[in-house]
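Chemist: The following block contains the structure, expressed as structure tokens.
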Amino acid sequence: PTRGGTATQPYMKEEKEKMAAMLQERKEKEAKKKALKEEQAAKLKKMEEEMAREKERLKKDEEQKQKEVDEEEEGPPLQKSGQHSGSSSDEMEKKISEWVANLSLGEEEEVAMPPRMSKKPP
Numbered sequence: 001p002t003r004g005g006t007a008t009q010p011y012m013k014e015e016k017e018k019m020a021a022m023l024q025e026r027k028e029k030e031a032k033k034k035a036l037k038e039e040q041a042a043k044l045k046k047m048e049e050e051m052a053r054e055k056e057r058l059k060k061d062e063e064q065k066q067k068e069v070d071e072e073e074e075g076p077p078l079q080k081s082g083q084h085s086g087s088s089s090d091e092m093e094k095k096i097s098e099w100v101a102n103l104s105l106g107e108e109e110e111v112a113m114p115p116r117m118s119k120k121p122p
């Protein structure tokens, strides 16, 4: 008790409860941030795997086209068809690289909002 006869214990208990609530809220926010980062990393890995599969598919398609051309002409292979497929693959890789760079740069500012959703109005 203090000089006036009132105890400070209820005030301290209230303060402890506020602090506990603040700490709990902070832990929850950190857990959400961590989950979002893990989700983004998983999406990135999935995209990289899809890109690798697509590259492999394009490579096989190109090899098949080249084989068909070689069989038809029995001459030197055409470079034109190779350039078309290669530029398409390069463009896809460039777009994915740009997306990855943007994801990495905006990680701290936009943790709560995925890149696709940030462009759409609510």
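Those letters in the sequence shown? Residues 1 to 122, by the numbering used here. For glycine and all other residues, C-beta sits at the position ideal for the given N, C-alpha and C. On a predicted model such as this, the values are computed, not experimentally measured, just so you know.
Whether or not the region 48-61 and the region 87-96 are in contact is what I'm after, with contact meaning three or more pairs of Cβ atoms, one per stretch, closer than 8 Å; do they touch?
Modeler: Yes: the two stretches touch, three or more of their Cβ pairs being nearer than 8 Å.
Chemist: To the nearest whole angstrom, what separates the beta carbons of Leu140 and Val100, a pair I think is in contact under 8 Å?
Modeler: Given that the chain is displayed from residue 1 to residue 122, the structure contains no residue 140 and the question cannot be resolved.
Chemist: Closer than 8 Å by C-beta to Glu15: which residues in its own chain qualify, once you throw out the five before and the five after it? Chain order, please.
Modeler: Closer than 8 Å at the Cβ level, and outside the excluded window around Glu15, lies no residue.
Chemist: Between Gln66 and Met47, what straight-line distance do the alpha-carbon atoms span, to the nearest angstrom?
Modeler: Those two C-alpha atoms are separated by around 28 Å.
Chemist: Is DSSP giving Glu74 helix, strand or coil here?
Modeler: DSSP places Glu74 in coil when its eight states are reduced to three.
Chemist: Tell me the rounded alpha-carbon separation between Asn102 and Glu28.
Modeler: Their Cα atoms are separated by approximately 26 Å.
Chemist: Just confirm the distance between the C-beta atoms of Leu58 and Ser97, as a whole number of angstroms; I'd bet it's less than 8 Å.
Modeler: Not confirmed; about 17 Å, so no contact.
Chemist: CA-CA distance, Glu17 and Lys55?
Modeler: Their Cα atoms are separated by approximately 57 Å.
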